[in-house]
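A.B. asks:
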Amino acid sequence: MADGEDNKKMADTESVSQHRDISWPVVLYSVHIHIGALFGIYYIFTEAKLLTTLFSLLLTLLAVLGATAGAHRLWAHRSYTANSTLRVILMLCQTLVLQGSIYDWVLDHRLHHKYFGTDLDPYNNKKGVLHAHFTTNLKKKHPEYARLAATIDMTDMQEDRIVIFQKRYYWLLAAVVGVLLPWNAPVEYWGEHILNSLILTCLLRSTIALHWAFLINSGIYIWGIPAGDKSYANSNLIFILTKSYWPQYHYLLPWDYQTGEYGNYGEGCTSTFIRIWAAMGWATGLRTMDTESIRNALITATDTKKPVIECLRDAENYSKTYNEKEMYLQPKLPL
Ligand SMILES: [Zn+2]
Numbered sequence: 001m002a003d004g005e006d007n008k009k010m011a012d013t014e015s016v017s018q019h020r021d022i023s024w025p026v027v028l029y030s031v032h033i034h035i036g037a038l039f040g041i042y043y044i045f046t047e048a049k050l051l052t053t054l055f056s057l058l059l060t061l062l063a064v065l066g067a068t069a070g071a072h073r074l075w076a077h078r079s080y081t082a083n084s085t086l087r088v089i090l091m092l093c094q095t096l097v098l099q100g101s102i103y104d105w106v107l108d109h110r111l112h113h114k115y116f117g118t119d120l121d122p123y124n125n126k127k128g129v130l131h132a133h134f135t136t137n138l139k140k141k142h143p144e145y146a147r148l149a150a151t152i153d154m155t156d157m158q159e160d161r162i163v164i165f166q167k168r169y170y171w172l173l174a175a176v177v178g179v180l181l182p183w184n185a186p187v188e189y190w191g192e193h194i195l196n197s198l199i200l201t202c203l204l205r206s207t208i209a210l211h212w213a214f215l216i217n218s219g220i221y222i223w224g225i226p227a228g229d230k231s232y233a234n235s236n237l238i239f240i241l242t243k244s245y246w247p248q249y250h251y252l253l254p255w256d257y258q259t260g261e262y263g264n265y266g267e268g269c270t271s272t273f274i275r276i277w278a279a280m281g282w283a284t285g286l287r288t289m290d291t292e293s294i295r296n297a298l299i300t301a302t303d304t305k306k307p308v309i310e311c312l313r314d315a316e317n318y319s320k321t322y323n324e325k326e327m328y329l330q331p332k333l334p335l
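Note that the UniProt record's numbering numbers the sequence shown so that position 253 is 253, with each residue one more than the last.
Okay, here's the thing in structure tokens:
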């Protein structure tokens with residue numbers, strides 16, 4: 001009976017969750033930065049100084065690092081622990097994306113994981129790649145959002161002073177760190193034209209970084225198993241295929257720090273940076289799982305009929321010990 005009521009409640013929520021109004025200020029902002037970004041590409045080849053282009057590229061890379069190593073792997077999934085210095089750096093990098101505060105992004109992303117593939121998921125990939133990647137960001141939150149958000153545990157985020165500081169002063173930080181400082185530097189230090197600097201260091205940089213950040217939620221379209229292909233989905237084989245089907249692996253074991261946002265595993269800039277920070281002592285408790293542990297978990301699941309996810313959780317303890325022994329600066333950790 002209780003189940004029936006829950007299901008009805010869920011169905012009601014699902015039916016209304018499809019109607020979200022367009023947020024016209026966000027649409028206008030989006031149109032402007034995209035037009036600006038197109039001008040930026042044109043200016044790179046015509047008017048802008050090379051140093052300004054390189055500076056904008058550096059800012060874009062830092063912004064993407066803030067989104068992947070910071071908001072996604074550190075804060076949303078707790079795949080490692082960072083000291084205060086690293087958290088401040090990552091918070092400032094994430095501010096460069098101009099995508100809203102880390103706190104709000106993590107809440108959205110945890111909601112995305114919890115309701116993955118349903119209408120309750122704000123980035124529901126079943127509605128098409130355009131929705132998951134872009135148009136969902138142009139819509140207002142659904143009235144049910146607050147109720148759903150209340151079901152997400154955000155205690156760890158509320159206890160992180162750096163996250164709360166950024167949330168409280170987000171607009172000030174976005175204006176100063178995200179716009180004024182990057183805009184000013186090329187003008188002041190190498191005599192760039194004020195308009196060129198605005199277009200490259202702010203509009204172009206933010207547009208590219210935003211799309212990279214959007215891919216964290218929509219990447220399953222590009223790197224996941226194609227929709228309708230049942231040969232691998234929901235199969236234990238997924239773990240044995242050397243973790244190559246990234247999105248499916250990520251949505252089952254989201255706390256693996258080696259899971260790249262863009263289809264890779266164990267390599268790429270973000271994983272490399274996390275290992276460097278670990279070697280420096282800034283990052284600790286890197287969580288990952290070796291193939292041996294996964295294989296053992298699958299065997300246990302088959303033998304005992306326990307849910308696979310429970311067996312994986314048990315195996316995680318073994319895996320943690322195993323990985324503590326690894327040298328983080330190896331080119332690539334063994335799978
Ligand atoms: Zn995730």
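Glycine included, each C-beta is placed from N, C-alpha and C at the ideal position. These numbers were taken from a predicted model, which means no experiment stands behind them.
Ignore the nearest five residues each way along the sequence and tell me which others in residue 123's own chain have a CB closer than 7 Å to its CB.
C.D. replies: As a first step, residue 123 is located in the sequence shown; it is residue number 123 there, counting from the start. Answer for residue 123: 112, 132, 136, 217 and 218, listed in chain order.
A.B. asks: Quick check on the DSSP output: the alpha helix (DSSP H) that includes residue 159 runs from which residue to which?
C.D. replies: Walking along the sequence shown from the start, residue 159 turns up at place 159. First-last for residue 159: undefined, no H or E at that position.
A.B. asks: Considering only C-alpha positions, which residue in the set 174, 90 and 197 is nearest to residue 185?
C.D. replies: Here residue 185 refers to the residue found at position 185 when the sequence shown is read from its first residue. The residue with the shortest Cα to Cα distance from residue 185 is 197.
A.B. asks: Within its chain, find whatever has a CB closer than 6 Å to the CB of residue 213; leave out the 5 residues flanking it on each side and keep chain order.
C.D. replies: Walking along the sequence shown from the start, residue 213 turns up at place 213. Result list for residue 213: 67, 97 and 99, in chain order.
A.B. asks: Within 10 angstroms of its Cβ, does residue 340 collect 16 or more other Cβ (buried), or is it exposed?
C.D. replies: Examination of residue 340 is not possible in this model, given that the chain is present from 1 through 335 alone.
A.B. asks: Apart from the five residues on each side of it in sequence, which residues of its chain come closer than 7 Å, Cβ to Cβ, to residue 139?
C.D. replies: Working through the sequence shown from its first residue, we reach residue 139 at position 139. Here the set comprises 20, 21, 22 and 23.
A.B. asks: Can you tell me whether residue 280 is buried or exposed? The criterion is at least 16 other CB atoms within 10 Å of its CB, across all chains shown.
C.D. replies: The residue labelled residue 280 in the question sits at position 280 within the sequence shown. Exposed, by the Cβ-count rule.
A.B. asks: Determine the extent of the alpha helix (DSSP H) in which residue 114 is found, giving its start and end residues.
C.D. replies: Against the sequence shown, residue 114 aligns to sequence position 114. Start and end: 102 to 114.
A.B. asks: As a quick check of your reading: which residues have a C-beta less than 7 Å from at least one non-hydrogen atom of ligand 1, in chain order?
C.D. replies: Qualifying residues, in the order they occur: 72, 76, 77, 109, 113, 216, 250 and 254.
A.B. asks: By Cβ distance below 8 Å, which residues in the same chain neighbour residue 174 in space, the five residues on each side in sequence not counted?
C.D. replies: Here residue 174 refers to the residue found at position 174 when the sequence shown is read from its first residue. Excluding sequence neighbours, residue 174 sits near 95 and 98.
A.B. asks: Flag this pair as touching only if the stretch 153 to 164 and the stretch 245 to 265 have three or more C-beta atom pairs under 8 Å; answer yes or no.
C.D. replies: They do not touch, by the three-pair rule.
A.B. asks: With a threshold of 16 other CB atoms inside 10 Å of the CB of residue 265, please say whether the residue is buried or exposed.
C.D. replies: Residue numbering aside, residue 265 sits at position 265 when the sequence shown is read from its first letter. When all chains shown are included, residue 265 counts as buried.
A.B. asks: In chain order, what residues of the same chain have a beta carbon less than 7 Å from the beta carbon of residue 235, not counting five sequence neighbours either side?
C.D. replies: Within the sequence shown, residue 235 is the residue found at index 235, counting from 1. In this prediction, residue 235 scores a pLDDT of 49, lower than 50, which makes its location untrustworthy; the coordinate-derived value is nonetheless stated afterwards. Excluding residues within five positions, none has a Cβ falling inside 7 Å.
A.B. asks: Alpha helix (DSSP H) containing residue 27: first to last residue?
C.D. replies: The residue given as residue 27 occupies position 27 in the sequence shown. Element bounds for residue 27: 24 to 45.
A.B. asks: On the DSSP bridge assignment, give the partners of residue 283 in chain order.
C.D. replies: Sequence index remark: in the sequence shown, residue 283 carries index 283 (1-based). For residue 283, which the question treats as bridged, DSSP gives the partners 82.
A.B. asks: With a Cβ-Cβ cutoff of 7 Å, do residue 286 and residue 29 count as a contact?
C.D. replies: Numbered from its first residue, the sequence shown carries residue 286 at position 286. Numbered from its first residue, the sequence shown carries residue 29 at position 29. Cβ atoms of residue 286 and residue 29: not closer than 7 Å.
A.B. asks: What are the boundary residues of the alpha helix (DSSP H) that residue 55 is part of?
C.D. replies: As a first step, residue 55 is located in the sequence shown; it is residue number 55 there, counting from the start. Taken as a continuous stretch (DSSP letters only), the alpha helix (DSSP H) holding residue 55 covers 50 to 65.
A.B. asks: Do the stretch 41 to 54 and the stretch 197 to 207 touch if we need at least three Cβ pairs shorter than 8 Å?
C.D. replies: Segments in contact, yes.
A.B. asks: Tell me the DSSP bridge mates of residue 265?
C.D. replies: Numbered from its first residue, the sequence shown carries residue 265 at position 265. BP columns for residue 265 point to 259.
A.B. asks: For the alpha helix (DSSP H) containing residue 144, name the first residue and the last one.
C.D. replies: Mapped onto the sequence shown, residue 144 falls at position 144. Segment: none, residue 144 is in no alpha helix (DSSP H) and carries neither H nor E.
A.B. asks: Check for me: the alpha helix (DSSP H) holding residue 302 runs from which residue to which?
C.D. replies: Here residue 302 is taken as the residue at index 302 of the sequence shown, counted from 1. Element bounds for residue 302: 291 to 304.
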